[in-house]
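See structure below.
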Amino acid sequence: MPTELRPLGVTCNIQCHYCYQNAQREAGNMGGNYDISKMLQTVDQVGMEFTLFGGEPLLLPLEDLERIWAWGKERFGKNSVQTNGTLITKEHIDLFKKYNVTVGISIDGDGELNDVRWCGNLEKTRTATSKTMSNIELLCESGIYPGIIVTLHRFNASKSRLPRLLLWLECLDELELKSCRVHLLEVETPMQRQLLALTADENIQSLLELYRLERELHHLKFDIFQEMRALLLGLDNKTTCIWNACDPMTTRAVQGVEGDGTMSNCGRVNKDGVDFSKASEQGYERYIGLYYASQEKNGCNGCRFFLMCKGQCPGTAIDNDWRNRSEQCSIWMRLFEEIESDLITQGYNPLSQHAVRAILERYLVQEWTKGANPNLLRLFLHSSATSYEREVMHAYLVENNISHKWSQGKLAHLDHHWEGE
Ligand code: SF4
Ligand code: SF4
Numbered sequence: 161m162p163t164e165l166r167p168l169g170v171t172c173n174i175q176c177h178y179c180y181q182n183a184q185r186e187a188g189n190m191g192g193n194y195d196i197s198k199m200l201q202t203v204d205q206v207g208m209e210f211t212l213f214g215g216e217p218l219l220l221p222l223e224d225l226e227r228i229w230a231w232g233k234e235r236f237g238k239n240s241v242q243t244n245g246t247l248i249t250k251e252h253i254d255l256f257k258k259y260n261v262t263v264g265i266s267i268d269g270d271g272e273l274n275d276v277r278w279c280g281n282l283e284k285t286r287t288a289t290s291k292t293m294s295n296i297e298l299l300c301e302s303g304i305y306p307g308i309i310v311t312l313h314r315f316n317a318s319k320s321r322l323p324r325l326l327l328w329l330e331c332l333d334e335l336e337l338k339s340c341r342v343h344l345l346e347v348e349t350p351m352q353r354q355l356l357a358l359t360a361d362e363n364i365q366s367l368l369e370l371y372r373l374e375r376e377l378h379h380l381k382f383d384i385f386q387e388m389r390a391l392l393l394g395l396d397n398k399t400t401c402i403w404n405a406c407d408p409m410t411t412r413a414v415q416g417v418e419g420d421g422t423m424s425n426c427g428r429v430n431k432d433g434v435d436f437s438k439a440s441e442q443g444y445e446r447y448i449g450l451y452y453a454s455q456e457k458n459g460c461n462g463c464r465f466f467l468m469c470k471g472q473c474p475g476t477a478i479d480n481d482w483r484n485r486s487e488q489c490s491i492w493m494r495l496f497e498e499i500e501s502d503l504i505t506q507g508y509n510p511l512s513q514h515a516v517r518a519i520l521e522r523y524l525v526q527e528w529t530k531g532a533n534p535n536l537l538r539l540f541l542h543s544s545a546t547s548y549e550r551e552v553m554h555a556y557l558v559e560n561n562i563s564h565k566w567s568q569g570k571l572a573h574l575d576h577h578w579e580g581e
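Quick look at the structure:
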C-alpha cells in the first residue's frame, strides 16, 4: 500500500455527512500548513510510492502539485491522487499525463445518489456532482480511466435507489472504467446511523446485487469480491488492509505523512479527532483476542471465515472499540457464504470448508503471539508442520489447483522446504 501524503490535512472543499475525518474537523485538527521539502523527505525515508490524499488534495496550487509529482515521478516512476473530482481542470489532466498520475475519484452515484457528499446547499451539491461526472468523462476522453470509490448508504443503495445506482455503474462500465471499490458506511455517530446507514439486510442486498451485476459488466470490476474469492482460496498476498489484521496503533497499510512531515495513522481508527503518534511496532492483540473470544462477546471464535476476514477493519469495530470485531460482521459473513458457495459449484474446495483451515488458523495465531503476521503462503511453509499437516496442506493445494497461481520462485521454495523436512 502506498504512503498517504496529506499536505492539507483534512481540509476539503465539500462536507460529506459521513466522512470519517469529521471527528478531526470537529476537534479543530484540520491541518493545512505544509512544507513540501519536509514531507518529501519523510516519504523518501519511508521509501514507498505515495498517494496524494486529503481532505481534498486538488486544493493545492498547481505549482505545488507539479513540484510533488515531478519528485514522485523521478523517485518512483509514477504518482497517484485520491480526489472528489470536483476541482479537476484541463491543467490538472495535463499534469496527470505528464507525471504518470493514477487518479482515484470518490463519488456515490449521479444526481441525488451523491447528495450526502454535501456542498452547503442542494443546488451547489448537484452542481458539484455534475462537475465530477463530467470530469470523469473528460478523463476517459484523455485516456485516463479513474478508479472509483463508492460508499453505500441510504441515499444511494436503499431499496428504492439501488436500481439507479446499478444503472449508473453500467454507465461507468460503458465508459470503460476498470475498477470500483465499494465501501460500506463507517458509522461514527448515532445521528449518522439514524440518517444515513443502511440496515445489515439492505447492505447485504446491495452487495449481492453488485456481485450479480459484475458478471454482466464488460470492464468494471468490484475489487472487494475478487479479494474475497482470493481469500477463500488462500491467495491473500494482494488483498487490501481490511482483511489483513491491521493494528489500529500503527495501521501498517496507511503510512500518513502530514504537512509538517510527521507520520500519522489511518483516519479510520481516529475516533477522537486526535492524530495520535504511531506505535513503533505492530501488535496483534486484537486478532488473538478475536480468535478466542466468543461471538456473543463480540469476538469471532468458531467462525469458518476467520482466516480470511480476521474480524475486519478495526475502524468499523462494534461500539468504536477496536477490541471488538467489525459491526459489519453479518454482512461480510453472508457475502463470504455466497462466494464460498459459488466456488464450490465451480469445483473448488475453499479454505473455509477444508481440514487445512484449522491447521493454518493455529499457526497464524501462533505467529501473531510472536509479533509476526505472515500471509497464508508463508503458513504453508511453516517449519513446525507435522507430516500429517503437510499432507493436508498438499491435498488442499492439489484439490484447488492452486500451485500454478504461485510464482515459480515461491513454489520452488515450497517444494524445497517440504523435501528438506
Ligand atoms: S484502519 Fe481499516 S482502513 Fe485503515 S489501514 Fe486499518 S484496516 Fe485499513
Ligand atoms: S465474518 Fe464476522 S465472525 Fe467471522 S471473522 Fe469476520 S467479523 Fe469475525
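Residue numbering for the sequence shown follows the numbering used here, beginning at 161 and increasing consecutively.
Glycine residues also receive a C-beta, built at the ideal position from the N, C-alpha and C atoms.
Quick caveat: nothing in here was measured; it's all calculated off a predicted structure.
- Look at Gly232: its beta carbon is at least 7 Å from all of the heavy atoms in ligand 2.
- At a cut-off of 7 Å, the beta-carbon of Gly394 does not count as near ligand 1: no heavy atom of the ligand is closer than that.
- In this structure, Phe436 has its beta carbon at no less than 7 Å from each heavy atom of ligand 2.
- Beta-bridge partners of Thr400 (DSSP): none assigned.
- When DSSP states are grouped into helix, strand and coil, Val276 belongs to the coil group.
- Residue range 516-529 is occupied by the alpha helix (DSSP H) that includes Arg522.
- DSSP lists Val417 as the bridge partner or partners of Met423.
- The C-beta separation of Asn239 from Gly232 comes to about 4 Å, placing the pair in contact by the 8 Å criterion.
- Your pair Thr311 and Asp268 checks out as a contact, with CB atoms roughly 6 Å apart and the cut at 8 Å.
- By the neighbour-count criterion, in which 16 or more other beta carbons inside 10 Å mark a residue as buried, Pro323 falls on the exposed side.
- About 7 Å separates the beta carbons of Gln415 and Met208, which is inside the 8 Å limit, making them a contact pair.
- Residue ranges of uninterrupted alpha helix (DSSP H) with 4 or more members, entirely inside the region 333-361 and ordered along the chain, are 350-355.
- Counting along the chain, Ile562 sits inside no beta strand (DSSP E), nor does DSSP assign it H or E at all.
- In the three-state scheme derived from DSSP, where H, G and I count as helix and E and B as strand, Leu312 is classed as strand.
- By the Cβ criterion, the region 535-552 is in contact with the region 377-397, since at least three pairs of Cβ atoms, one from each stretch, lie closer than 8 Å.
- Residue nearest to Val429 within the set Gly421, Thr289, Arg412 is Arg412 (criterion: CA-CA distance).
- Going by DSSP, Glu283 is part of the alpha helix (DSSP H) stretching over 282-301.
- In the DSSP secondary-structure assignment, Ser240 is bridged to Thr211, Thr262.
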